[in-house]
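Numbering (my numbering), first residue to last: 53 to 197. All C-beta atoms, glycine included, are put in the ideal place defined by N, C-alpha and C.
In structure tokens form, the structure reads like this:
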């Protein structure tokens, strides 16, 4: 009997530790994912009139010269943050999927950019992150082809 009891206690302890470690790992992973998304939005907010620099996990580093004209579209516009997020037609399918509901106000008066970068929910944060990463991947593909 004592031997069976010891095995039962060890088995129970092992399961309990596994569950606790798994729960802790899931929590840390969620915090890490949230931090990556927040980092991308912070980098967007820190973009200057001269350049946009974005680093994200699994995608490396992207720098966009905001003083040069966008070579991806025919709008003859500078590749500013507003152009990247709101105007460039290359990104329209991704933009319509992720960002359409978050751009409020006129897109020409700057309010669209302000409303887009004012993150009010985790869902909006996720959608902005997915747009940026998808658009940067598409941009890299078009430029390198």
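Out of the options, which one is the CA nearest neighbour of residue i?
i: residue 134; options: 76, 88 and 97; result: 97
i: residue 192; options: 130, 178, 89 and 114; result: 114
i: residue 83; options: 184, 110, 165 and 174; result: 174
i: residue 183; options: 164, 145 and 102; result: 145
i: residue 170; options: 85, 110 and 93; result: 93
i: residue 130; options: 110, 172 and 100; result: 100
i: residue 181; options: 85, 74 and 128; result: 85
i: residue 189; options: 108, 74, 172 and 126; result: 108
Can you list, in chain order, the residues of its chain whose CB lies under 8 Å from that of residue i, leaving out five sequence neighbours each side?
i: residue 136; result: 104, 116, 143 and 187
i: residue 90; result: 177
i: residue 179; result: 150, 151 and 154
i: residue 127; result: 135, 139, 140 and 141
On the criterion of 16 or more Cβ atoms from any shown chain inside 10 Å, does residue i qualify as buried, or is it exposed?
i: residue 87; result: exposed
i: residue 59; result: Confidence in residue 59 is poor, its pLDDT being 49 and thus under 50, which makes the residue's placement unreliable; the coordinate value appears in the next sentence. Answer is exposed; the Cβ neighbour count stays below 16.
i: residue 118; result: buried
i: residue 198; result: The question about residue 198 has no answer, for the chain in this structure spans 53 to 197.
i: residue 149; result: exposed
i: residue 112; result: exposed
i: residue 164; result: buried
i: residue 76; result: exposed
If I measure Cβ to Cβ from residue i and keep anything under 7 Å in the same chain, skipping five residues before and after, which residues do I get?
i: residue 167; result: 154, 155, 156 and 157
i: residue 124; result: 140, 142, 191 and 194
i: residue 196; result: none
i: residue 102; result: 118 and 119
Identify, in the order they occur along the chain, each residue of the same chain with its Cβ nearer than 6 Å to the Cβ of residue i, setting aside the five sequence neighbours on each side.
i: residue 132; result: 118
i: residue 106; result: 95 and 114
Please give the ranges of any alpha helix (DSSP H) in the stretch 145-187, keeping only runs that are unbroken, at least 4 residues long and fully inside the region. 163-169
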